[in-house]
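Visitor: Following this message is one structure expressed as structure tokens.
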Amino acid sequence: MTAWEERVQTGAHPVAYRMMRLIANSGPVRRVPRVGVVVSDPVLARGVLMDSDTFTKTGPGSPADLWTPVLGPSVLLNMEGDAHSRLRRKLSGLFTPGYVRDLCERVLTLPLAHLREDLAAGREVDLVQVVRDCAGAVICELVGLPADRVAEAYARGTAITSMVRLGRPRLTDRQIRHARTELGGLTEPAIRAYRSGDPATVPGRMRELGLTEEEAHGAVGAFVLTGTETLVSYLPRLVALCHDTGVSITESNLDSVVAEGLRYTVPSPVMLRSVVRDGSVGGVAVRAGDRVVIATLFCARGRSPFDPSQPADPDVRQLWFGAGTHFCLGAPLARAEIDGVLRALMAGRVEITSRTVARRVLIPGYSRLMIRSV
1 MTAWEERVQT
11 GAHPVAYRMM
21 RLIANSGPVR
31 RVPRVGVVVS
41 DPVLARGVLM
51 DSDTFTKTGP
61 GSPADLWTPV
71 LGPSVLLNME
81 GDAHSRLRRK
91 LSGLFTPGYV
101 RDLCERVLTL
111 PLAHLREDLA
121 AGREVDLVQV
131 VRDCAGAVIC
141 ELVGLPADRV
151 AEAYARGTAI
161 TSMVRLGRPR
171 LTDRQIRHAR
181 TELGGLTEPA
191 IRAYRSGDPA
201 TVPGRMRELG
211 LTEEEAHGAV
221 GAFVLTGTET
231 LVSYLPRLVA
241 LCHDTGVSIT
251 ESNLDSVVAE
261 GLRYTVPSPV
271 MLRSVVRDGS
281 VGGVAVRAGD
291 RVVIATLFCA
301 RGRSPFDPSQ
311 PADPDVRQLW
321 FGAGTHFCLG
331 APLARAEIDG
341 VLRALMAGRV
351 EITSRTVARR
361 VLIPGYSRLM
371 IRSV
């Protein structure tokens, strides 16, 4: 691991990261008191993700335990079985390549033009703030907020995710009330857009695809919470990794750089499942009610350094987006946002002039990454 990536991880989780690293180094599967059954092997992790009959997103210690009190019951990330399949089919037409391309062109053209202009003029740019503005602009488009409320949209989303802790399987009653208030400020415009039925808006498009108002409300909330902070973590870290290892991003290597960056940074470093029937993982017995913690960071990164020129390991391919029926539905939108920012940076070579690691945040990252053209 590069020295700066180590600082990013320990800055976010000074105790939990070191603990998870020790657990991962001790073996592919370990039962850890007050944490759960920790899986650090990519093949075993994929097996858990693919076996939704034994390991689910509902139940004690699962994402449902964490998010249902905030988002409601009809959200993909807290559903299983036929209900999950029906909702996923309805949403499958939402982020088509053409729609994602048009959405990003609408909302990202202006901020990315400003980025190019600032770099061309020799000005220093905080890449974290640029990506935050881009992510906020996409949130505004998703929920129907005016574009001038980008900062508010991002702040409300991170106010909710910042309350999550690995060692605590659910939010407190006070945190739930606060999270609902923050989320309500984002989703009220989405409900109005849904009721108006305008297919030019994302909520209106959800109505056109057959989602109920409750389903659309939950889906918007889930997209806001899962697709913003991860992007703001990933892009500056990728640019920093390329800078620190001497990798130039070009049109010809864009796909491999993005994939290798995702493997190495893993913006979603942990995935949770609840055991619903007795079984085993890698020879370790699991019982109904157990919590399984998939240490995605250590599954995907392993002991391989960041190197986009090497062939991708099929065992870890896109593991950071999940697997099986819960593979990330918003992956096409995330990729479009990533490509937009990276192509804006391709116009010239950039260097990092200063950086600051984010402290005690849910998703490891930089709080500031200053760049300029050279």
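Here full-length UniProt numbering is used: position 133 in the sequence shown is 133, and no number is missing along the way. Yeah, the Cβ is synthetic: ideal placement off N, Cα and C, and Gly gets one too.
#1: Using 7 Å as the threshold, is the C-beta distance between Val284 and Val29 below it?
#2: For Ala113, count neighbouring Cβ atoms within 10 angstroms of its own Cβ and tell me buried if that reaches 16, exposed if not.
#3: Please name the residue, chosen from Ser26, Ser162, Val361, that lies closest to Thr10 on a Cα-to-Cα basis.
#4: Taking 7 Å as the cut-off, decide whether the C-beta atoms of Val341 and Ile371 are in contact.
#5: Starting from Ser367, trace the beta strand (DSSP E) in both directions and tell me its first and last residue.
#6: In whole angstroms, what is the alpha-carbon distance linking Val143 and Asn25?
#7: Can you give me the C-alpha to C-alpha distance between Thr245 and Pro63, rounded to a whole angstrom?
#8: Identify whether Val130 lies in helix, strand or coil by the three-state DSSP scheme.
#9: Give the C-beta separation of Ala300 and Val266 to the nearest angstrom, bearing in mind that I take them to be a contact with Cβ-Cβ under 8 Å.
#10: By DSSP's criteria, Thr356 is part of a beta bridge. Which residues make up the other side?
#11: State yes or no: is the C-beta of Thr201 within less than 7 Å of the C-beta of Ile363?
#12: Are Ser280 and Pro60 close, meaning C-beta to C-beta below 7 Å?
#13: Taking Met19 as part of the alpha helix (DSSP H), name the residues at either end of that continuous run.
#14: Among the residues of its own chain, which have a CB less than 8 Å from the CB of Ala288, if the five just before and after it don't count?
#15: Measuring alpha carbon to alpha carbon, tell me which of Glu117, Asp255, Ala219, Phe298 ends up nearest Ala190.
#16: Three or more C-beta pairs closer than 8 Å, one from the segment 80–94 and one from the segment 43–61: is that the case here?
#17: Determine, using beta carbons only, whether residue 376 and Ser162 come nearer to each other than 7 Å.
#18: Grab me the residues of Arg207's own chain with a C-beta within less than 6 Å of its C-beta, minus the 5 sequence neighbours each way, in chain order.
#19: Are the CB atoms of Val292 and Val270 nearer to each other than 7 Å?
#20: Can you find the residues in the same chain that come closer than 6 Å, C-beta to C-beta, to Leu209, ignoring five residues on each side of it along the sequence?
#21: Which residues in the same chain as Gly136 place their Cβ atom closer than 7 Å to its Cβ, once the five residues preceding and following it in sequence are excluded?
#22: Which residues does DSSP list as the beta-bridge partners of Ala155?
#23: In chain order, what are the residue ranges of uninterrupted beta strand (DSSP E) at least 3 long that sit wholly in the segment 188–212?
#24: Where does Phe223 sit, in a helix, a strand or coil, going by DSSP?
#25: Which residue comes first and which comes last in the alpha helix (DSSP H) that contains Gly261?
#26: Looking only at its chain, what residues have a beta carbon closer than 6 Å to the beta carbon of Ala344, apart from the 5 residues adjacent to it on each side?
#27: Find the nearest neighbour of Tyr264 within the set Val239, His178, Thr250, Glu251, judged by alpha-carbon distance.
#28: How long is the line joining the alpha carbons of Pro69 and Val75, rounded to whole angstroms?
#29: How far does the beta strand (DSSP E) with Leu112 in it extend, from its first residue to its last?
#30: DSSP state of Val292, grouped into three classes?
#31: Report buried or exposed for Asp307, applying the criterion of at least 16 other Cβ atoms within 10 angstroms of its Cβ.
#32: First and last residue of the alpha helix (DSSP H) that includes Gly81?
#33: Based on DSSP bridge pairs, tell me the residues matched to Leu333.
#34: Is it buried or exposed for Thr296, if we count other Cβ within 10 angstroms and need 16 for buried?
Guide: The answer reads as follows:
#1: Yes, the pair counts as a contact, with Cβ atoms nearer than the cut-off.
#2: Under this definition Ala113 is an exposed residue.
#3: Measuring from the Cα of Thr10, the nearest candidate turns out to be Val361.
#4: At a Cβ-Cβ threshold of 7 Å, Val341 and Ile371 do not count as neighbours.
#5: Ser367 -> beta strand (DSSP E) spans 366–373.
#6: If I take the Cα positions, the gap works out to 42 Å.
#7: Taking the straight line joining both Cα atoms gives about 36 Å.
#8: In the three-state DSSP reduction, Val130 falls in the helix class (H, G or I).
#9: Right, the Cβ-Cβ distance comes to about 5 Å (below 8 Å), so this counts as a contact.
#10: According to DSSP, which records beta bridges pairwise, Thr356 is partnered with Arg368.
#11: Between Thr201 and Ile363, the C-beta spacing is not below 7 Å.
#12: Taking 7 Å as the Cβ cut-off, Ser280 and Pro60 do not qualify as a contacting pair.
#13: Per DSSP, Met19 is one residue of the alpha helix (DSSP H) stretching across 16–26.
#14: The answer, listed in chain order, is Val275, Val276, Arg277, Asp278.
#15: Of the candidates Glu117, Asp255, Ala219, Phe298, the one whose C-alpha sits nearest the C-alpha of Ala190 is Ala219.
#16: Contact between the segment 80–94 and the segment 43–61 is present, because at least three Cβ pairs lie under 8 Å.
#17: The question about residue 376 has no answer here: the residues shown for the chain are numbered 1 through 374.
#18: Residues of the same chain with a CB within less than 6 Å of the CB of Arg207, apart from the 5 flanking positions on each side, are Tyr194, Gly197 in chain order.
#19: No, these two residues do not count as a Cβ contact at 7 Å.
#20: The answer, listed in chain order, is Lys90, Gly93.
#21: Val150, Ala151, Ala153, Tyr154.
#22: Beta bridge pairing from DSSP links Ala155 with no other residue.
#23: Listed in chain order, there is nothing to give.
#24: Helix, per DSSP.
#25: Segment 254–265, the alpha helix (DSSP H) holding Gly261.
#26: Only residues of its own chain outside the window of five on either side were considered, and among them Leu112, Leu115, Arg116 have a CB closer than 6 Å to the CB of Ala344, listed in chain order.
#27: Val239 is the residue among Val239, His178, Thr250, Glu251 whose C-alpha sits nearest the C-alpha of Tyr264.
#28: Rounded to whole angstroms, Pro69 to Val75 spans 11 Å at the Cα level.
#29: Leu112: not part of any beta strand (DSSP E); member of the alpha helix (DSSP H) spanning 97–120, first to last residue.
#30: Strand, per DSSP.
#31: That one is exposed.
#32: Run containing Gly81: 81–91, per the alpha helix (DSSP H) assignment.
#33: Beta-bridge pairing links Leu333 to no other residue.
#34: Counting of Cβ neighbours within 10 angstroms places Thr296 among the buried residues, the total reaching 16 or more.
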